[in-house]
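First up is the structure itself, then whatever we jot down about it.
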Amino acid sequence: MYWVNGISKRTISLNNRALHFGDGFFTTAKVQNGKIDFLDWHMDRLVISAKRLIFKNFNFNLLYKEMQQAAAYSDIYSVIKVIISRSNSHRLYGYRCSNDIEPLRIIHVSRLPKYYTRWIHSGIRLRTSIVRLARNACLAGIKHLNRLEQVMIAIWVSKSETDEALVLDTDGNVVECCSANIFWRYKYQVFTPSLYYSGVNGIMRQLVLKLLPKLGYCIREVTVGPEHLKNANEVFITNALLPLASVNSIDDFVYSDRTLFHLLRFHIIHNKI
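One gets the working numbering by counting positions in the sequence shown from 1 and adding 2 to each.
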């Protein structure tokens, strides 16, 4: 189901700036029994994105209510995607925009991908993607609508014998996966890539960073190449829909430890945060 500015509909203007320029941002959340997991965290993400991309006249209280109403129509386990697009101005041409008009709010509710259940229980395989991410501190961390890099990575994954991709930037540093953030543990130190120049600061990434010190682990955000992961005891990925999956292998390197994965999963499932 789709809602545009709170109205159930499946059409938008052909002049929409998200369509022409990718001028907007989004968040994707898991819905369980009509309730959105970590809704306040997702709202914070949208607020930060709007501020960094200079979106004004935004009614977040109205969006909050619309998201809750849309979630009430969902199945037991669903996905809610919220897309925010800068509105059109008939007075301006091309990239130039006006922030006088309230942004467009698009909400879509769909089913949770079935393969996520397999990933959660069986773990996943990663291969190092040949498609790399550009470094751009201006947009780093935001889940903006310019996702061509991820589309190309997903095409590469579909042609490879793998579940997900280990994605590097153009300098050869580990950044993330195609649709998830990545962590690795060595003893009581946990590492995750710095997102200063590229990547998405996922909701579960933020949550895990907050939770790890409470569990006695030291966390470091690092800029390193993929060889650094070969020293790890275990590797896992996170996103808002999984929320965690252990990594069985990266290319030909195998991991078997699941200690921290099971501990984090227990705390997240039982909301011990």
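Built from N, CA and C at the ideal position, the CB exists for glycine as well.
Proximity to residue i [Cα-Cα], best of the options
i    : options                   : result
G69  : K58, N59, G96 and A31     : Here residue 69 turns out to be Met, not Gly, going by the sequence shown. Comparing Cα-Cα distances from M69 to each of K58, N59, G96 and A31, the minimum goes to A31.
V249 : C179, N175 and N273       : C179
R267 : G8, S76, L244 and P195    : L244
A242 : R207, Y188 and I109       : R207
L212 : C99, G227, G8 and I270    : Residue identity differs from the one stated: residue 212 is Lys in this sequence, not Leu. For K212, the nearest C-alpha among the options comes from I270.
E229 : G218, F23 and I252        : I252
C220 : L197, K189 and S124       : K189
Y118 : S181, K161, R129 and V153 : S181
S200 : L21, W5 and C140          : C140
S162 : D42, L128 and I50         : L128
N273 : V6, T172 and D39          : D39
T172 : A136, G218 and R54        : A136
S124 : L55, S160 and F238        : F238
Residue i and residue j closer than 7 Å at C-beta
i    : j    : result
D165 : I126 : yes
L170 : R134 : yes
L65  : R107 : yes
F60  : P105 : yes
T240 : N175 : no
S131 : I155 : yes
N90  : N148 : no
N35  : I78  : yes
R121 : A234 : The question names Arg, but residue 121 is Trp in the sequence shown. Contact flag unset, no.
R187 : L265 : no
Classification of residue i by the beta-carbon crowding that lies within 10 angstroms, buried from 16 upward
i    : result
A73  : buried
R88  : buried
S100 : exposed
Y257 : buried
V210 : buried
A52  : buried
L214 : buried
V153 : exposed
L150 : exposed
Contact belief for residue i with residue j at Cβ below 8 Å, rounded distance in angstroms
i    : j    : result
R260 : E223 : Not confirmed; about 23 Å, so no contact.
R143 : V192 : Here residue 143 turns out to be Gly, not Arg, going by the sequence shown. Actually they do not touch by this definition, with Cβ atoms about 19 Å apart.
G26  : I86  : 5 Å
Y97  : F23  : 7 Å
Own chain residues within Cβ distance below 7 Å of residue i, not counting five before or after
i    : result
K232 : F255
T29  : H44, R47, L48, V84 and K145
S112 : S80 and V81
G218 : Y190
V159 : E166, A167 and C180
Cut-off 8 Å between Cβ atoms - residues of its own chain near residue i, not counting five sequence neighbours on either side
i   : result
V1  : The shown model of the chain, from 3 to 275, leaves out residue 1, and the question about it has no answer.
M3  : S10, A72, Y75, H110 and V111
K67 : none
L41 : A31, Y66, M69 and Q70
S15 : N90
Y56 : Going by the sequence as given, residue 56 is Ile instead of Tyr. These residues qualify, in order along the chain: N101.
6 Å CB neighbourhood of residue i in its chain, flanking five on each side removed
i    : result
V33  : A73, S76, S80 and I82
I103 : S89
G8   : E68
K58  : N101
R12  : Y4
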